[in-house]
Amino acid sequence: MDVQILRLWGIGVGAALIALALWIAALGPEAAPARASAQARVETQQATAAPASFLVRFRGFGPIARAQAAAGRGEHALAQRRIEAQLLRQRAFSGLCFQHFTAGAAEVVLHTCDPVPAPERAAVEAQWLARLRAMRAVDYADVNAVATIERAD
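Numbering of the sequence shown is given in our numbering, commencing with residue 874 and proceeding in unit increments.
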């Protein structure tokens, strides 16, 4: 094959590749902000979605009330296991998870297992409070106000 033809082919292919690279680079900055804003929207939604938390005091001689009493006597690990088992077993608590005991195990702090988006938070909290307050074994239930500290960057 002739060297001149190979040289021309090389120049042509190289020019085509450079043109393709410039075209892709020209598309990059316009497409990048769209991807970044979509990612920012997802991160914002995840940041505003958090589990709803409830303070609940149990009464009577049911398994959760007995576990709460055991926690009051200092048997926190055993009481936690018992409450977690009952939350899984009893349909009425489906969707709630154990978080912790308050000081002296006066109340049990339960939270929704799945995060709740901010726009739906009030409705979800109202539904759970109505369900919890309707239970015979619940002495009282209220929303657990959680304070968060945000840093200014």
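In this text, a Cβ means the ideal position worked out from N, Cα and C, and glycines have one as well.
Just so you know, these numbers come straight off a predicted model, no measurement behind them.
Relative to the alpha-carbon of residue i, which residue among the options has its alpha-carbon at the smallest distance?
i       : options                         : result
GLU980  : VAL989, ILE937, PRO992, PRO988  : ILE937
MET1008 : PHE934, ALA965, ALA888          : ALA965
HIS949  : LEU890, ALA978, GLN963, GLY935  : ALA978
GLN963  : ASP1015, THR921, GLY935         : GLY935
ALA976  : GLU993, ARG946, GLN1000, ASP987 : ARG946
GLU993  : ALA923, ALA888, ARG880          : ALA923
Please state whether the Cβ-Cβ distance between residue i and residue j is less than 7 Å.
i       : j       : result
ALA892  : THR985  : no
ALA944  : ALA952  : yes
VAL1016 : GLU998  : yes
VAL1011 : VAL929  : yes
GLN941  : PHE927  : no
ALA1018 : LEU1002 : no
LEU969  : LEU960  : yes
THR921  : ALA995  : no
Please classify residue i as buried or exposed, where buried requires at least 16 other C-beta atoms within 10 Å of its C-beta.
i       : result
ARG955  : buried
LEU1005 : buried
Length-filtered (4 minimum) alpha helix (DSSP H) runs lying within the region 960 to 1026: 994 to 1006
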